[in-house]
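Working notes, beginning with the structure itself.
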Amino acid sequence: MSDLLIVLTVLAASAVGLWAWRRWHYPSFWLVIGYPLMAISIRASWRKVALGCNLTKKRQRWWFTTVPGLIESTGVVRVRRRFQRVSVDTKPFMWLPKPTRYGWRVTLHMLEGQIPADYADAAERLAHSWGVHAVRVSSPRPGRVILTATTRDPLSRVERFPISSELLKVTVGRLETGAPWVIDFRTVPHWMNAGATQSGKSNLANALVQGLAPQPVALVGFDLKGGVEFTPYSPRLSALATTRRECVGLLEDLEELMADRMTLCRTAGARNIWQLPEDRQPVPVVVLVDELAELYLMADKSEKDEVAKTSTALLRVAQLGRAFGIYLFCCGQRIGSDLGPGVTALRAQCSGRICHRVNDPETATMTLGDLDPAALDSARAIPAETPGVAIVASQDGQWYRARSFYVSEQAAESAAHTYADRAPSWADITGADYSELLGTIPEPRKG
Ligand SMILES: Nc1ncnc2c1ncn2[C@@H]1O[C@H](COP(=O)(O)OP(=O)(O)OP(=O)(O)O)[C@@H](O)[C@H]1O
1 MSDLLIVLTV LAASAVGLWA WRRWHYPSFW LVIGYPLMAI SIRASWRKVA LGCNLTKKRQ
61 RWWFTTVPGL IESTGVVRVR RRFQRVSVDT KPFMWLPKPT RYGWRVTLHM LEGQIPADYA
121 DAAERLAHSW GVHAVRVSSP RPGRVILTAT TRDPLSRVER FPISSELLKV TVGRLETGAP
181 WVIDFRTVPH WMNAGATQSG KSNLANALVQ GLAPQPVALV GFDLKGGVEF TPYSPRLSAL
241 ATTRRECVGL LEDLEELMAD RMTLCRTAGA RNIWQLPEDR QPVPVVVLVD ELAELYLMAD
301 KSEKDEVAKT STALLRVAQL GRAFGIYLFC CGQRIGSDLG PGVTALRAQC SGRICHRVND
361 PETATMTLGD LDPAALDSAR AIPAETPGVA IVASQDGQWY RARSFYVSEQ AAESAAHTYA
421 DRAPSWADIT GADYSELLGT IPEPRKG
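Positions 1 to 447 (full-length UniProt numbering) are the ones given, in order, by the sequence shown.
Set out below in structure tokens:
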């Protein structure tokens with residue numbers, strides 16, 4: 001009896017110890033206990049799971065079988081042993097799963113006739129079969145797929161990364177892989193940020209204002225919500241337009257600025273402003289647009305000319321701005337093709353895509369349409385309880401679920417006030433005398 005008591009006490013103490021370990025240091029618990037158990041069960045259950053998810057193929061195999069013969073007159077059953085061709089279900093070859101920060105990753109060899117989309121279609125089924133939060137599929141080279149499983153949603157809580165000090169680079173959140181979510185305007189110059197109300201669009205704009213405020217960058221706001229979003233940040237903004245009429249004026253300024261910088265680059269023999277000597281490079285301009293649809297909506301025909309002008313100017317800035325240091329970040333609740341061809345053309349120029357939770361499938365299709373269809377499904381499945389979660393088309397050509405860090409309006413406003421002295425005046429930017437620079441410019445830099 002006392003032995004049983006000792007065993008029970010040891011078992012109870014081990015269970016409590018494991019529970020405490022898991023609770024207080026999950027990463028080490030996962031590596032030492034959780035992952036090996038998980039790896040064994042994944043390998044052991046792979047045949048059944050692959051069969052259930054329709055990832056197996058029928059193949060003919062030689063099989064050693066026993067075939068009962070006829071009952072002879074003696075009444076004895078003769079059993080004949082022989083090799084037979086039989087059809088068996090073959091599973092894709094699976095390497096050993098490797099642990100990751102939020103789960104595990106495993107490489108599979110696809111069977112003949114299979115493509116990565118077959119595995120992407122089965123991803124939800126696989127996640128349910130293994131009891132994990134999600135399974136993502138990628139294919140690094142022909143014939144192989146990598147399944148990345150996350151055991152819990154890594155985006156339910158995101159901790160901040162240190163602020164990036166690189167020019168035009170802002171770390172705004174975390175990707176589902178655990179890597180930082182970086183918006184780098186020099187790599188991807190124009191962005192479209194879509195999402196329903198309360199989905200986290202403004203939070204992302206706040207993160208950008210906070211991240212760009214200390215940098216030698218001019219910020220320009222187009223706030224079609226009557227200025228309620230960006231006016232608090234005006235100390236750090238070089239220009240702010242709050243009505244469509246003002247937007248037209250500001251866009252004309254941007255077009256002129258582009259033309260001046262074009263002349264500067266052409267004369268200096270440079271392809272873009274970054275090839276100019278460092279001390280001659282004009283200040284980059286980041287244009288933040290809130291409520292993009294308002295630029296395209298027409299109450300009556302009298303507004304037609306204004307809308308056409310705005311649409312053309314914005315498109316020109318998107319088409320040519322990159323080389324001349326002008327970058328766009330356009331936010332909107334609804335970005336549908338019904339707003340006119342201008343929006344569709346603008347979309348084509350915005351290679352950076354961010355789709356928060358959306359109400360209408362068309363906005364998701366418009367924002368992410370030319371990506372993998374699984375990205376669209378993922379965008380539609382973003383729950384309202386997790387504002388800031390979005391599908392992001394990344395620099396590497398892949399798409400990811402990501403979540404922005406929470407940046408309150410007060411935090412962004414405080415950054416705007418702290419770095420107000422770094423806001424170049426709009427008059428200085430637009431009135432810069434480039435002809436003066438031209439005479440002194442040496443050979444253009446490479447890169
Ligand atoms: N990453 C995040 N983490 C935590 N909370 C967030 C995050 N992003 C947004 N929120 C919260 O969600 C709410 C809505 O966010 P936000 O104002 O950015 O949405 P929105 O899409 O701009 O809405 P609207 O179009 O109505 O202005 C806010 O209360 C904000 O605090």
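The C-beta atom is built at its ideal place from N, Cα and C for all residues, glycine as well.
Please read all numbers here as calculations on a predicted model, not as lab measurements.
Length of the line joining the Cα atoms of residue i and residue j
| i | j | result |
| --- | --- | --- |
| Arg-353 | Gly-325 | 19 angstroms |
| Pro-277 | Ser-164 | 24 angstroms |
| Gly-447 | Asp-421 | Note on Gly-447: pLDDT 44, under 50, position unreliable in the model; the coordinate value appears next. Roughly 31 angstroms between the two C-alpha positions. |
| Trp-274 | Lys-304 | 37 angstroms |
| Ile-6 | Glu-385 | 47 angstroms |
| His-356 | Leu-368 | 11 angstroms |
| Asp-118 | Leu-237 | 49 angstroms |
| Tyr-400 | Tyr-35 | 24 angstroms |
| Val-135 | Asn-54 | 16 angstroms |
| Trp-46 | Asp-360 | 38 angstroms |
| Thr-430 | Ala-213 | 20 angstroms |
| Leu-315 | His-190 | 11 angstroms |
| Cys-350 | Met-192 | 6 angstroms |
| Ala-341 | Ala-39 | It should be noted that the sequence gives Pro, not Ala, for residue 341. Cα to Cα, the separation comes out at about 51 angstroms. |
| Arg-59 | Pro-92 | 12 angstroms |
| Glu-159 | Glu-409 | 18 angstroms |
| Gly-269 | Arg-322 | 17 angstroms |
| Leu-11 | Leu-168 | 56 angstroms |
| Ala-432 | Cys-265 | 14 angstroms |
| Asp-183 | Gly-17 | This sequence places Ile at residue 183; Asp is not what is there. Going by the C-alpha atoms only, they are around 43 angstroms apart. |
| Ser-138 | Pro-116 | 7 angstroms |
Backbone secondary structure at residue i - three-state DSSP
| i | result |
| --- | --- |
| Asn-203 | helix |
| Lys-58 | strand |
| Thr-310 | helix |
| Arg-144 | strand |
| Gly-447 | Its pLDDT being 44, under 50, Gly-447 is placed unreliably by the model, and nothing is read from it. |
| Asp-360 | coil |
| Val-32 | helix |
| Met-192 | strand |
| Ala-416 | helix |
| Thr-66 | strand |
| Ala-323 | helix |
| Leu-175 | strand |
| Asp-305 | helix |
| Cys-350 | coil |
| Arg-22 | helix |
| Cys-53 | coil |
| Asp-300 | coil |
| Ser-425 | coil |
| residue 470 | Outside the shown range of the chain (1 to 447) lies residue 470, about which nothing can therefore be said. |
Proximity of residue i and residue j at Cβ, strictly below 7 angstroms
| i | j | result |
| --- | --- | --- |
| Val-220 | Val-289 | no |
| Val-86 | Met-94 | no |
| Val-285 | Pro-424 | no |
| Leu-339 | Ala-299 | no |
| Val-389 | Ala-196 | no |
| Val-132 | Leu-108 | no |
| Gly-178 | Arg-403 | no |
| Tyr-327 | Phe-185 | yes |
| Val-392 | Asn-206 | no |
| Ile-42 | Pro-97 | yes |
| Lys-201 | Cys-331 | yes |
| Ala-218 | Ala-374 | no |
| Lys-57 | Thr-90 | yes |
| Ala-364 | Ala-381 | no |
| Ser-99 | Leu-147 | Sequence inspection shows Pro at residue 99; the Ser mentioned does not correspond to that position. The answer is no: Cβ separation not under 7 angstroms. |
Cβ-heavy atom distance, residue i to ligand 1, below 6 angstroms
| i | result |
| --- | --- |
| Thr-197 | yes |
| Asn-193 | no |
| Lys-169 | no |
| Asn-54 | no |
| Tyr-233 | no |
| Val-203 | Strictly speaking, residue 203 in this sequence is Asn, with Val absent from that position. Flag set: Cβ of Asn-203 near ligand 1. |
| Pro-383 | no |
| Pro-27 | no |
| Gly-200 | yes |
| Ser-404 | yes |
| Gly-388 | yes |
Identity of the residues DSSP links to residue i by a beta bridge
| i | result |
| --- | --- |
| Cys-355 | Ala-194, Ile-391 |
| Pro-99 | Trp-104 |
Near ligand 3: residue i beta-carbon under 6 angstroms from a heavy atom
| i | result |
| --- | --- |
| Gly-369 | Absent from the structure shown: ligand 3. Ligands present: ligand 1. |
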